[in-house]
Each structure stands twice: as C-alpha cells, then as structure tokens.
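Contents: one structure, followed by commentary.
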Amino acid sequence: MISWFVPLATYPAGYGGNPKVPLPLISMASQKSYMALHMICFYGQPELREWFTLQYGKSGRKLDMGQGCLRFKTLPELALDVVENTVARLPVEDYTAGYQAMRAGMKKSK
C-alpha cells in the first residue's frame, strides 16, 4: 500500500500515540476488483468530506465511497482534480487537531 503521511517532525505524537509511526493522510491500494484511495484525512473532518462529496458530484464521475474509502476501477474514473483540491484544502494543523480531538473522544467513550 502506498501512503502519504504527516511527517513525524511535524506531528511527533505519531499515529495511535506511537511516536515511531507517522500519521497517515491518504493511502492507495489495489484490490482484486478495484483500486481504492483511503482518505484517512476525512476522519475528524466531516465538513471536508461533505465538500469532497459535493465537488465529486459536480465532476460528473460516479462516486463509489464508504466512510473514507474511495473505490474506482480505472484511473480515468477518478476525479483527480477533486482529490488534489481536497488535500490542498486541509492545512496539516487542522488535520492533526481533528485527529487529536477524535482520539480524545474515543478515550472518553471507553
């Protein structure tokens, strides 16, 4: 799986509180019948996900998506400009703050 991360120099707490594992932003995977972009950046950022869904609809391409997993069979099916603009809209500080808030909420609910 190919992944893009927030560097540990920027977010030293790391993923899951492990300072050895950088916080993922997006991962790309190839499954048997489809490819997927795991848009981890959507977790803790519901307004970004809503914006993405709206913009993807405007692109004219079919949206096949779960909570944060965008599935497609061929690259031309993917609205790359929408993916690019989505990532550009999210400052790393906002992403890490949303991630920290989400983790704090998970700890309280246990």
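Start counting the sequence shown at 195; every next residue gets the next number (our numbering). Ideal placement from N, C-alpha and C gives every residue a C-beta, glycine not left out.
For this session: Would you please state the rounded distance, in angstroms, between the beta carbons of E271 and K256? I believe it to be under 8 Å.
Result: Going by Cβ atoms, the distance from E271 to K256 rounds to 7 Å, so yes, they are a contact pair.
Can you tell me which of the three DSSP states P218 falls into? Secondary structure of P218 (DSSP, three-state): strand.
Taking only the alpha-carbon atoms, compute the straight-line gap between S253 and A273 and give it to the nearest angstrom.
-> In a straight line, the C-alpha of S253 is about 7 Å away from that of A273.
For this session: Provide the residue span of the beta strand (DSSP E) that contains F246, from first to last.
Result: Premise fails: F246 lies in the alpha helix (DSSP H), 240-252, not in any beta strand (DSSP E).
Contact set for D258: own chain, Cβ-Cβ below 6 Å, skip 5 residues either direction: Excluding sequence neighbours, D258 sits near R265.
Can you tell me the Cα-Cα spacing of P201 and P216, whole angstroms?
In a straight line, the C-alpha of P201 is about 6 Å away from that of P216.
DSSP state of M296 mapped onto helix, strand, coil
Of the three classes helix, strand and coil, the one that applies to M296 here is helix, per DSSP.
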